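Q: Counting from 1, position 351 in the sequence shown corresponds to residue 351 in full-length UniProt numbering; the numbering is continuous, with no gaps.
Backbone N, C-alpha and C define an ideal beta-carbon position, used for all residues, glycine too.
No experiment lies behind these values; they were computed from the predicted model shown.
Structure below; questions to follow.
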Amino acid sequence: MSSAQIKRPLQSARCGALAGDVRVPGDKSISHRSLMFGGLAEGETRINGLLEGEDVLATADAMRKLGATVTRDEDGTWHVRGVGVGALREPDSVIDMGNAGTGIRLLAGIVATHPITTFFTGDASLCKRPMGRVADPLAEFGAKFITRDRGRPPMAVIGTDEALPVTYTLPMASAQVKSAVLLAGLNTAGTTTVIEPKPSRDHTERMLRHFGVDVDVQINDDGGRTVSLTGPCQMTAADIVVPTDPSSAAFPLVAALIHPESNVTIRDVCLNPLRIGLITTLIEMGGDITITNEREEAGETIGDLVVTGKNRLKGIVVPGERAPSMIDEYPVLAVAAAYAEGETRMCDLEELRVKESDRLAAVAAGLAANGIIHRIEGDDLIVTGGVVRGGGMVETHLDHRIAMAFLVLGLGAEQPVMVDDAAPIATSFPIFEQLMADLGTNFAPVKS
Numbered sequence: 001m002s003s004a005q006i007k008r009p010l011q012s013a014r015c016g017a018l019a020g021d022v023r024v025p026g027d028k029s030i031s032h033r034s035l036m037f038g039g040l041a042e043g044e045t046r047i048n049g050l051l052e053g054e055d056v057l058a059t060a061d062a063m064r065k066l067g068a069t070v071t072r073d074e075d076g077t078w079h080v081r082g083v084g085v086g087a088l089r090e091p092d093s094v095i096d097m098g099n100a101g102t103g104i105r106l107l108a109g110i111v112a113t114h115p116i117t118t119f120f121t122g123d124a125s126l127c128k129r130p131m132g133r134v135a136d137p138l139a140e141f142g143a144k145f146i147t148r149d150r151g152r153p154p155m156a157v158i159g160t161d162e163a164l165p166v167t168y169t170l171p172m173a174s175a176q177v178k179s180a181v182l183l184a185g186l187n188t189a190g191t192t193t194v195i196e197p198k199p200s201r202d203h204t205e206r207m208l209r210h211f212g213v214d215v216d217v218q219i220n221d222d223g224g225r226t227v228s229l230t231g232p233c234q235m236t237a238a239d240i241v242v243p244t245d246p247s248s249a250a251f252p253l254v255a256a257l258i259h260p261e262s263n264v265t266i267r268d269v270c271l272n273p274l275r276i277g278l279i280t281t282l283i284e285m286g287g288d289i290t291i292t293n294e295r296e297e298a299g300e301t302i303g304d305l306v307v308t309g310k311n312r313l314k315g316i317v318v319p320g321e322r323a324p325s326m327i328d329e330y331p332v333l334a335v336a337a338a339y340a341e342g343e344t345r346m347c348d349l350e351e352l353r354v355k356e357s358d359r360l361a362a363v364a365a366g367l368a369a370n371g372i373i374h375r376i377e378g379d380d381l382i383v384t385g386g387v388v389r390g391g392g393m394v395e396t397h398l399d400h401r402i403a404m405a406f407l408v409l410g411l412g413a414e415q416p417v418m419v420d421d422a423a424p425i426a427t428s429f430p431i432f433e434q435l436m437a438d439l440g441t442n443f444a445p446v447k448s
């Protein structure tokens, strides 16, 4: 049973300055891909720093069912012995992806061009999320999909052994859709191309190169990108050190910024240029953030963040073109905005409506429950900062990032802030409560 099926209300209360030196868990996007690509490669891939949250563990189990050998040493090193592109076996049971939206969509791309039938399901939240955005382009390769109404899981993917190469223009900035198409292209004869009007995170392109795949990336005149690869591809095992997740680092980062005198160091954070929108935004708001020890590992830039709360944040306009580089961080940015001086406008957040929950609606409801002035205009969220009253109960909708964001909100509020369920946090950040407690936060169960 997923921990997200057992409700665990939690509250956070005002605390003093935060201090400490911490390392958040491994990056979720890179962790998913390291298991998948290791399973498609020939040879054994060793993975250090893998995020051992429920979403990633679901992907590990999925790769086992597809024929890869996936094991973990006592020291935390993971080993994946792959079967090679084109050699996946048909699973003998349904693959349960829990809450892993990235996992189910990328795996759909992989199995779409293998001659096997794969059945996917997930938890209540995942089974509300639209799969048509990947099913439609993957059907162009020749795969067939069976889903519930509006393209929702459970989902059957009937793969093809006569795949045709595809050129696909993304209707939205989505690394998941781009990746699903490229991964289908690995086992397709000919050149598969994805055209993205706005650049999305490029972990797939970087890691495919790490595994020996020739991926071509061209910058278009409009600032978008054209990404292509020519299959069928051979992938060779390659060891990976997973950097820590900037989306997880966002929570102690914002918590430190909203507390004067805080001084927190967050180690080994992935600083991929297409993932640092939140850091850029918080610096523009006046946040004191310094990047140290910057370096390259396995195709990714990583570094340490040194954060203090000495500056009061100020409201700004966050441009819509920045959204793909921080799409998972808007809930906690809304929290930062609640403590900032003046008005913060976050533009073009339509993609938030189809995440683990309708995050735009969920964030607005959480702000309202805690007395924070805000409004939604089209797809823009506008938050007026000031004194945070708190005292409200926030409905998380099985969404880990909603739960964590509003627990951060309570750390500076006049009254405690409650979330109706902290259990989903385990999907991406299983050590969240302990790590935040080590920094000096104040979380407690909600008394019935």
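(1) Can you tell me which of Val387, Ser248, Glu350 puts its alpha carbon nearest to the alpha carbon of Ser174?
(2) Can you list, in chain order, the residues of its chain with a C-beta nearer than 6 Å to that of Pro260? Leave out the 5 residues immediately preceding and following it.
(3) Quick one: Cα of Ala334 to Cα of Ala250, how far?
(4) With distance defined between alpha-carbon atoms, name the residue in Ala112, Ile266, Asn370 nearest to Pro384.
(5) Helix, strand or coil, according to DSSP, for Cys127 in the structure here?
(6) Within 8 Å, do at least three Cβ pairs link the segment 122-137 to the segment 203-215?
(7) Helix, strand or coil for Ala249? Go by DSSP, reduced to three states.
(8) To which residues does DSSP link His203 through a beta bridge?
(9) Can you tell me the Cα-Cα spacing of Gly412 and Met63, whole angstroms?
(10) Who pairs with Asp27 in a beta bridge, going by DSSP?
(11) So what does DSSP say about Pro424, is it helix, strand or coil?
(12) Buried or exposed for Cys15, please, with buried defined as at least 16 other CB atoms from any protein chain shown within 10 angstroms of its CB.
(13) Quick one: complete beta strand (DSSP E) runs, 3+ long, within the segment 285-339?
(14) Suppose contacts are defined by Cβ-Cβ distances below 8 Å. Is Glu90 in contact with Thr117 by that definition?
(15) Buried or exposed: which applies to Asp214, given that a residue is buried once 16 or more other Cβ atoms fall within 10 Å of its Cβ?
(16) Using the C-alpha atoms, what's the distance from Cys347 back to Leu381?
(17) With distances taken Cα to Cα, identify the nearest neighbour of Asp150 among Arg129, Pro165, Thr169, Thr160.
(18) Put His79 into one of helix, strand or coil per three-state DSSP.
(19) Sorted by chain position, which residues of the same chain lie with C-beta nearer than 6 Å to Glu294's C-beta, five sequence neighbours on each side aside?
(20) Please name the residue, chosen from Cys233, Lys144, Leu126, Val332, that lies closest to Thr192 on a Cα-to-Cα basis.
(21) Inspect the CB distances between the segment 359-366 and the segment 317-324 and report whether three or more fall short of 8 Å.
(22) Give me, in chain order, the residues of the same chain whose beta-carbon lies closer than 8 Å to that of Gly342; leave out the 5 immediate sequence neighbours on both sides.
(23) Where Thr292 and Tyr339 are concerned, what is the direct C-alpha to C-alpha distance, given to the nearest angstrom?
(24) Given that a residue counts as buried once 16 or more other Cβ atoms are within 10 Å of its Cβ, and exposed if not, what is Gln434?
(25) Under 8 Å, with one C-beta from each stretch per pair, do the segment 278-293 and the segment 32-50 reach the 3-pair mark?
(26) Look at the alpha carbon of Ser200 and the alpha carbon of Ala180, and state the distance between them as a whole number of angstroms.
(27) Between Pro324 and the ligand MN, is the CB less than 7 Å from at least one heavy atom?
(28) May I ask you to report which of helix, strand or coil DSSP gives Arg359?
(29) What would DSSP say about Pro260, mapped onto helix, strand or coil?
(30) Which one of Val419, Phe429, Leu439, Arg353 has the shortest CA to CA distance from Val446?
(31) Taking the Cβ atom as the reference point for each residue, do Glu356 and Asn99 lie within a distance shorter than 8 Å?
(32) If you run the structure through DSSP and keep just helix, strand and coil, what is Leu229?
(33) In whole angstroms, what is the alpha-carbon distance linking Leu10 and Phe443?
(34) Let's see if you can read the secondary structure: which residues bound the beta strand (DSSP E) around Gly190?
(35) If the criterion is Cβ atoms closer than 8 Å, does the pair Val254 and Val332 meet it?
(36) Nearest CA to the CA of Ala68: which residue from Val264, Leu35, Val241?
A: Taking the coordinates as given:
(1) The shortest Cα separation from Ser174 among Val387, Ser248, Glu350 belongs to Glu350.
(2) Gly309, listed in sequence order.
(3) Each residue's CA atom was taken as its position, placing Ala334 and Ala250 some 12 Å apart.
(4) The sequence given here places Thr at residue 384; Pro does not occur at that position. It is Asn370 whose Cα lies nearest to the Cα of Thr384.
(5) Helix, per DSSP.
(6) Fewer than three pairs of CB atoms, one per stretch, sit closer than 8 Å, so the segment 203-215 makes no contact with the segment 122-137.
(7) Assignment of Ala249 by DSSP, reduced to helix, strand and coil, places it in the helix class.
(8) His203 is not bridged to any residue.
(9) Near 43 Å, if we compare the C-alpha coordinates of Met63 and Gly412.
(10) Answer is none; Asp27 lacks a bridge partner.
(11) If DSSP states are grouped into helix, strand and coil, Pro424 belongs with the helices.
(12) Buried is the call here.
(13) Whole beta strand (DSSP E) segments, 3+ residues: 288-297, 300-308.
(14) Yes.
(15) Flag for Asp214 reads exposed.
(16) In a straight line, the C-alpha of Leu381 is about 7 Å away from that of Cys347.
(17) Before going on, a small fix: residue 150 reads as Arg here, not Asp. The closest CA to that of Arg150, considering only Arg129, Pro165, Thr169, Thr160, is found on Arg129.
(18) It is a strand residue.
(19) Correct list, in chain order: Gly303.
(20) That would be Cys233, whose Cα lies nearest to the Cα of Thr192.
(21) In the pairwise beta carbon analysis, the segment 359-366 is classified as not touching the segment 317-324: fewer than three pairs are separated by under 8 Å.
(22) Taken in chain order, the residues that qualify are Lys314, Gly315, Thr384, Gly385.
(23) Tyr339 has its alpha-carbon roughly 26 Å from the corresponding atom of Thr292.
(24) Burial call: exposed.
(25) With the cut-off at 8 Å, the segment 278-293 and the segment 32-50 do not touch.
(26) A straight-line Cα-Cα distance of about 13 Å links Ser200 and Ala180.
(27) The model on display carries no ligand, and the ligand MN is accordingly not part of it.
(28) Three-state DSSP puts Arg359 in a helix.
(29) Per DSSP, reduced to three states, the secondary structure at Pro260 is coil, with no helix or strand assignment.
(30) The shortest Cα separation from Val446 among Val419, Phe429, Leu439, Arg353 belongs to Val419.
(31) With respect to Asn99, Glu356 sits close: the two C-beta atoms are nearer than 8 Å.
(32) Residue state for Leu229 is assigned as strand, using DSSP reduced to three classes.
(33) In a straight line, the C-alpha of Leu10 is about 7 Å away from that of Phe443.
(34) Run containing Gly190: 190-196, per the beta strand (DSSP E) assignment.
(35) Yes, the pair counts as a contact, with Cβ atoms nearer than the cut-off.
(36) Of Val264, Leu35, Val241, the smallest CA-CA separation from Ala68 is found for Leu35.
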